[in-house]
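For reference, the structure discussed in these notes is given below.
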Amino acid sequence: MIDSRYVIHKSYRDNALLRASFHALAKETFGISRSHLSREFKKITGFSPKEYLIQIRISQAKLLLRGSSISIDDISSAIGFHDTAHFIQTFKKAEGITPLKFRKF
Numbered sequence: 779m780i781d782s783r784y785v786i787h788k789s790y791r792d793n794a795l796l797r798a799s800f801h802a803l804a805k806e807t808f809g810i811s812r813s814h815l816s817r818e819f820k821k822i823t824g825f826s827p828k829e830y831l832i833q834i835r836i837s838q839a840k841l842l843l844r845g846s847s848i849s850i851d852d853i854s855s856a857i858g859f860h861d862t863a864h865f866i867q868t869f870k871k872a873e874g875i876t877p878l879k880f881r882k883f
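For the sequence shown, our numbering assigns the number 779 to the initial residue and increments by one for each residue that follows.
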């Protein structure tokens, strides 16, 4: 089997997951169902594809928060969130603090 973790990561980096559904990725890249890919992915990584994608997005956000003065709204949009409030909520759940506090810390 193709390394699904690599494909998910590369697809995110190439912005493909923002344009295509996970179902399409599973079918077109692996020739399997979404649920089968999700199970295999979780076996390999310990995370669901969604959880893994969130980790990637939060990592990118942390880099942008530390290394730039880009607004929270623009960071949220740049990493694939369509709603800044949802980004802030997701970031706080993952890191225990808001993006603004993370930037100041």
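Note that CB positions come from ideal geometry on N, CA and C, so glycine has one too.
- Here the alpha carbon of T876 sits roughly 6 Å from the alpha carbon of F869.
- Within the segment 841-874, the complete alpha helix (DSSP H) runs of at least 4 residues fall at 850-856 and 862-873.
- A Cβ-Cβ contact shorter than 8 Å links R812 with H801.
- In terms of Cα proximity to L843, the closest of H864, L878 and F825 is L878.
- As the crow flies, the alpha-carbon of A863 is around 14 Å from that of A872.
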